Each structure stands twice: as structure tokens, then as C-alpha cells.
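Position 18 of the sequence shown, counted from 1, bears residue number 18 in full-length UniProt numbering, the numbering being contiguous throughout. Reading through the C-alpha cells given below for one structure.
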Amino acid sequence: MRELRQLRALECKVDGSQSVQPCNIASSYSPHLKRRERCVLVVDGFFEWSTKRDGSKTPYFIRFKNEVAEKSIPGGDFADGGTEEDDWPVQKQFWESGGGLREPLLMACLYAPPMVDGEPHSFTILTMDSAGPVTKIHDRMPVMLTPECAAEWIDCSAASDSALLHKVAETARHTATQSVTAYEVPLLANNVRNDSPDCLLPLAAWKKKQFDNGLGRFFKKATDKRETPAPERRSTDAEEPSAKRTKVER
């Protein structure tokens, strides 16, 4: 992800994100929260790494479960002349890696306008203490929103900053616990140069693909050859001499 000028940090930590504690963020990000400079990042999922005692890192991909229902972010794009009845379309993404259709993840972010005209906006992803399956991988995770909570997050007339921050943190904790899955992926994901759908494959599926494209090709050919039935031999009695037929019958 490109590091932009005004919000240089990749993540903004939401401290005190447990239900019994008030939520707050670093003072450097507070002005963006007060100015309602809130946005949502839409992604298929995200990678996270589990670090072992020997220092090696195992990559995982984290996304919604298959059974998560498809929904749209309620609300309207008023800047483009929309109405409250309009919906922002959030459609499931198709993974060429064989994963099928998945509901995209919605992440809570803060943004900053460009300092110079023509430059893009910068943004930072809010993170919190991990929950659900993410706890076995890392101690932090993005603040993940439901479509309904995402609509509140980007609504400038929403509740107070602290109350809203607390609500999105609670929503993210419940979402991670109930709706998120994580699976190990190949070490290809450890190198940003490997921009391939194979990085999203479950490790077992990737190993099978490697085998099928390597030694597996030869085993498959041998199996196909063994399983091919021999052609049936038809009787040629009409072509055999009658004397030979008589001898066989005796």
C-alpha cells in the first residue's frame, strides 16, 4: 500500500478497544476524527503473518466465511445527487484462484485531504486488539465494519466521536468472532513481487497445484493409460475354416 504524505502511518491504533474501556486514538489522528474525515476501505481480505520462535513467518489470508450474506452499504451518495433510498453497491468479488464468490471486507479508515492540488488523498487504517481466529496469528487486526456500521462511520451527522469509535470497535470484534475465517497460504505471499492469485490459495490447494503441474503430470498419464479399457475382440467365425471350427468344438 502506498505511503502518502499527510497520514504516513499504515495503521491508526484504537486503544482501549475492550468493551469495558473507553476507546481513543493517538492524538495525532484526533483532528481527523473530529473533522469527520472518515472513510471505508473495501478489500477482498488481508494477509497477516504468524511469527514462530525461530523468527520464521507463516503467511495467512483472512476474509469472510463463505456463508456471509451479501449486503450493500445503506445510504446515498449525496455528493452525486443521490437520495437516501440509493445504495452504494458492494458486490462480491470473484477469485480466479478457485475461491469462488466472497463478500468483501469493509475497514474503518481516516483520511486527509491532499496538501497540494492534484495529489491523492491519504488515509490510514484503524486497528484494534485482535479477536476470533486472528488472535492465533497476530495481536492486532483492522477495524472491520458491517455495511450498516460502515454507513454510520461515513455519516458526518453520526453520534459523538468516542461513542462511534466504541461502536465500530464492538462491531469489529463481533464480526471477527462470528464471520471471519483465516487459512495458511504459500510462502509466495512473503514477497511483494509475487503478484499472483496463487498467493490466495490455501496451502494444501497450492501444493496440489504444484504437484499436478510437475510430477503429477506423469502419474496422471500412467493412470489414464492403465484405466483405458482394451478394445473388445469380436468373433471372426465367419472367416475361420469349417474344419477348424469342428476341431475346436470337439
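All C-beta atoms, glycine included, are put in the ideal place defined by N, C-alpha and C. Owing to the predicted nature of the structure, the values given are computational and were not obtained by experimental measurement.
Count the other C-beta atoms from every protein chain shown that fall within 10 angstroms of the C-beta of residue i, then say buried if there are 16 or more, exposed otherwise.
| i | result |
| --- | --- |
| THR127 | buried |
| GLU119 | exposed |
| PHE123 | buried |
| CYS156 | exposed |
| PHE61 | buried |
| VAL192 | exposed |
Which whole-angstrom value describes the C-beta separation of residue i and residue j, a residue pair presumed to lie in contact below a C-beta threshold of 8 Å?
| i | j | result |
| --- | --- | --- |
| ASP198 | LEU188 | 6 Å |
| ARG63 | GLY45 | 3 Å |
Taking the C-alpha atoms as reference points, what is the distance between residue i and residue j?
| i | j | result |
| --- | --- | --- |
| VAL42 | GLU148 | 14 Å |
| LYS92 | PRO104 | In this prediction, LYS92 scores a pLDDT of 47, lower than 50, which makes its location untrustworthy; no coordinate-derived value is stated. |
| THR171 | SER162 | 14 Å |
| CYS109 | TYR183 | 25 Å |
| LYS136 | PRO114 | 38 Å |
| HIS121 | ALA151 | 20 Å |
| PRO133 | ALA205 | 20 Å |
| PHE94 | ASP129 | Confidence at PHE94 is low in this model, with a pLDDT of 41, below 50, so its placement is unreliable and no value can be given for it. |
| ASN213 | LEU201 | 15 Å |
| ARG38 | ASP117 | 20 Å |
| ASP139 | LEU203 | 23 Å |
Can you give me the Cβ contacts of residue i inside the same chain, cut-off strictly under 8 Å, excluding the 5 residues immediately before and after it?
| i | result |
| --- | --- |
| LYS57 | TRP49, SER50, THR51, ASN190 |
| VAL40 | ILE73, LEU106, MET107, ALA108, CYS109, LEU145, ALA150, TRP153, ILE154 |
Quick one: residues in its chain with C-beta nearer than 7 Å to the C-beta of residue i, no 5 flanking neighbours on either side, listed in chain order?
| i | result |
| --- | --- |
| GLN178 | none |
| VAL168 | ALA108, VAL143, LEU145, CYS149, TRP153 |
Using C-beta distances below 6 Å, list every residue in its chain close to residue i, excluding the 5 sequence neighbours before and after it, in chain order.
| i | result |
| --- | --- |
| ARG36 | CYS156 |
| ALA131 | ARG173, ALA176, THR177 |
Query raised in the report: Could you give the uninterrupted runs of the beta strand (DSSP E) lying entirely in the segment 134 to 201, keeping only those of 3 residues or more?
Result: List check, beta strand (DSSP E) in window: 140 to 142, 180 to 184.
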